[in-house]
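As structure tokens, the structure follows; a few thoughts come after it.
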Amino acid sequence: MVANESPEGAYGWIIDIEHEPMEGRTETGTIGPGNIGPEIAERLRNGEGRTFRMYDDDRVLNYTGRIITSEEDEGGEIDFAPLDDFGTPNAGCTSIHYFDAAAKVWREL
0 MVANESPEGA
10 YGWIIDIEHE
20 PMEGRTETGT
30 IGPGNIGPEI
40 AERLRNGEGR
50 TFRMYDDDRV
60 LNYTGRIITS
70 EEDEGGEIDF
80 APLDDFGTPN
90 AGCTSIHYFD
100 AAAKVWREL
């Protein structure tokens, strides 16, 4: 499954875990955006990327996934892409948190 297209195309994300699955379907394995480059998609399938979590407004964890961006985009607006592309439209997610591996903590954007 591939989610919405984006003009950037130089990033990609994957949903690794759907914590609140809907009956009859799963979003696990969904990759986005729709125009993701094949190299980035392959890297995500191979386990690369920074880990994120998306929560709804009740602070319920809906999705865990990973994103790959360029180094200069890391920590910028593009880090909201999984939320904007997928989390909000599909599950009403309102926040995204990234794991800071150096500090070993989750940080909300």
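Start counting the sequence shown at 0; every next residue gets the next number (the working numbering). Every residue, glycine too, gets a C-beta built ideally from N, C-alpha and C.
Output yes or no for whether 7 angstroms exceeds the beta carbon distance between THR63 and ILE16. The Cβ-Cβ distance between THR63 and ILE16 falls below 7 angstroms.
ARG49 versus ARG24 - alpha carbon distance: Looking at the two C-alpha atoms, the distance is approximately 25 angstroms.
Considering Cα atoms alone, identify which of ALA102, PRO88, LEU43, VAL59 is closest to THR68. Among ALA102, PRO88, LEU43, VAL59, the Cα nearest to that of THR68 is on LEU43.
Within the same chain, show all residues whose beta-carbon is closer than 7 angstroms to that of ARG106, passing over the 5 residues directly before and after it, in chain order. So the list reads HIS96, TYR97, ASP99, once near-sequence residues are dropped.
Just to confirm, are ILE35 and GLY74 a CB contact at a threshold of 7 angstroms? Taking a C-beta distance under 7 angstroms as the contact criterion, ILE35 and GLY74 do not qualify as a contact pair.
Can you list, in chain order, the residues of its chain with a C-beta nearer than 7 angstroms to that of ASP72? Leave out the 5 residues immediately preceding and following it. The residues are TYR10.
Range of the contiguous alpha helix (DSSP H) that encloses ASN89: Unbroken alpha helix (DSSP H) run through ASN89: 87–90.
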